[in-house]
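Student: Please see the structure below; I have some questions.
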Amino acid sequence: MNALKVIPVPFARDNYLWLISDGRHAALVDPGEAAPALDALQGLNPAAILLTHHHVDHIGGVSELLAHYPSLPVYGPRKDNIACVNRPVEDGSKVRLEALGLTLQVIGVPGHTRGHIAWLGEGMLFCGDALFSAGCGRLFEGTPADLEYTLRRLSQIDGQTKIYCAHEYTLTNLAFARAAEPDNPKRDRYAAHCEALRKQGQPTLPTTMAIERAINPFLRTDSASVVAAVKAHCGAHPADAVACLAVLRAWKDVFS
Ligand code: ZN
Ligand code: FE
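Residue numbering for the sequence shown is 395 to 650, as defined by the working numbering.
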């Protein structure tokens with residue numbers, strides 16, 4: 395197996411685009427701005443752009459990148475109808491990036507947007523705004539049932555899988571996680587670790603699925619502490635995981 399490196403390229407306030415590279419070729423995930431992507435590509439041959447959903451902070455750099463590299467394949471979710479996508483994919487698609495020797499599987503993860511997809515392969519998951527460390531994306535287009543479907547699917551991924559989210563939201567998510575699941579010592583240790591990383595200017599990402607299953611309240615609707623906090627917040631015991639997620643997501647939307 396070739397040694398692929400995945401490099402975070404920060405831009406805007408708290409976005410990351412991810413550069414997957416073998417030292418000669420590179421793929422870009424969610425290049426929301428062209429300038430930082432072009433800088434990161436210095437000395438590398440771009441092989442592909444991979445998109446997760448249609449929001450401008452994820453696709454905003456693509457047309458300028460295509461002006462520089464007109465034949466670059468741009469893979470993105472068919473259902474999100476993105477004009478600059480020239481290789482539409484959907485849940486179940488497989489994409490082989492020959493230049494990188496990398497095959498990625500497409501997983502439909504609706505909720506944040508209707509067509510949102512994640513890219514999975516070789517122990518890596520690029521999930522855009524579907525899942526964050528200690529949190530998840532807002533439900534702009536989907537329902538709590540979509541979110542439950544998406545998070546249940548993602549949580550079944552191997553625990554060692556590295557998760558490359560598109561935003562550095564970890565510390566604010568952890569503040570909410572403390573309210574949504576007061577009793578979680580593993581989460582407290584993880585929060586201390588992430589705070590130290592941010593103090594040094596380091597990303598908290600990638601995370602892993604094992605970490606997220608242990609600390610992310612949105613993946614822990616069966617935790618007694620989460621259920622009790624949800625009940626205290628809305629006054630009723632959540633009937634099921636969908637109801638629990640509906641309360642958690644709406645609560646997080648107004649939490650500060
Ligand atoms: Zn988004
Ligand atoms: Fe975003």
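Ideal Cβ positions, reconstructed from N, Cα and C, are used throughout, including at glycine.
Model, not experiment: these values are computed from the prediction.
1) Are the stretch 526-536 and the stretch 491-501 touching, with three or more C-beta to C-beta distances below 8 Å?
2) The ligand FE heavy atoms versus the CB of residue 449: any closer than 6 Å?
3) From this set, 593, 642 and 628, which residue's C-alpha is nearest residue 614's C-alpha?
4) For residue 481, which residues of its own chain have a beta-carbon under 7 Å away from its beta-carbon, when the five flanking residues on both sides are left out?
5) What's the gap between the Cα of residue 646 and the Cα of residue 523?
6) Residues in the same chain with beta-carbon distance under 6 Å from residue 601, minus the five sequence neighbours each way, listed in chain order, please.
7) I want to check one thing, is the minimum distance from the CB of residue 431 to the heavy atoms of the ligand FE below 6 Å?
8) Answer with buried or exposed for residue 415, where buried requires no fewer than 16 other C-beta atoms within 10 angstroms of its C-beta.
9) Please go through the same chain and pick out, in chain order, the residues whose beta-carbon is closer than 7 Å to the beta-carbon of residue 399, but skip the five residues on each side of it.
10) So the candidates are 446, 418, 451 and 421; which of them puts its Cα closest to the Cα of residue 406?
11) If you reduce the DSSP assignment to three classes, tell me which class residue 490 lands in.
12) Considering only heavy atoms of the ligand FE, does any lie closer than 6 Å to the CB of residue 523?
13) Taking the Cβ atom as the reference point for each residue, do residue 581 and residue 571 lie within a distance shorter than 7 Å?
14) Buried or exposed, going by whether 16 or more other CB atoms sit within 10 Å of the CB of residue 471?
15) For residue 429, which of 461, 475, 561 and 419 has the nearest alpha-carbon?
16) Please classify residue 648: is it buried, with 16 or more other beta-carbons within 10 angstroms of its beta-carbon, or exposed?
17) Give the straight-line distance between the Cα atoms of residue 562 and residue 629, rounded to the nearest whole angstrom.
Tutor: A quick look at the data gives this:
1) no
2) The residue you call residue 449 lines up with position 55 of the sequence shown. Yes, Cβ of residue 449 sits closer than 6 Å to a heavy atom of the ligand FE.
3) The count along the sequence shown starts at 1 and reaches residue 614 at position 220. Comparing Cα positions, the closest option is 642.
4) Walking along the sequence shown from the start, residue 481 turns up at place 87. These residues qualify, in order along the chain: 467, 468 and 469.
5) The sequence position of residue 646 within the sequence shown is 252, counting from 1. The sequence position of residue 523 within the sequence shown is 129, counting from 1. Distance between the alpha carbons of residue 646 and residue 523: 15 Å.
6) Stepping through the sequence shown from its first residue, residue 601 is reached at position 207. Excluding sequence neighbours, residue 601 sits near 527 and 557.
7) Here residue 431 refers to the residue found at position 37 of the sequence shown. No, the Cβ of residue 431 stays beyond 6 Å of every heavy atom of the ligand FE.
8) Looking up residue 415 in the sequence shown gives position 21. Classification for residue 415: buried.
9) The residue you call residue 399 lines up with position 5 of the sequence shown. Excluding residues within five positions, the ones whose Cβ falls inside 7 Å are 415.
10) In the sequence shown, counting from the first residue as 1, residue 406 sits at position 12. Among 446, 418, 451 and 421, the Cα nearest to that of residue 406 belongs to 451.
11) Against the sequence shown, residue 490 aligns to sequence position 96. Strand at residue 490.
12) The residue labelled residue 523 in the question sits at position 129 within the sequence shown. Yes, Cβ of residue 523 sits closer than 6 Å to a heavy atom of the ligand FE.
13) As a working mapping, residue 581 is identified with position 187 in the sequence shown. As a working mapping, residue 571 is identified with position 177 in the sequence shown. Cβ distance < 7 Å, so residue 581 and residue 571 count as in contact.
14) The count along the sequence shown starts at 1 and reaches residue 471 at position 77. Result: buried.
15) By one-based count along the sequence shown, residue 429 stands at place 35. Measuring from the Cα of residue 429, the nearest candidate turns out to be 461.
16) In the sequence shown, counting from the first residue as 1, residue 648 sits at position 254. So residue 648 ends up on the exposed side.
17) Position 168 of the sequence shown, counted from the start, is the residue given in the question as residue 562. Position 235 of the sequence shown, counted from the start, is the residue given in the question as residue 629. If you take the alpha carbons of residue 562 and residue 629, they lie about 32 Å apart.
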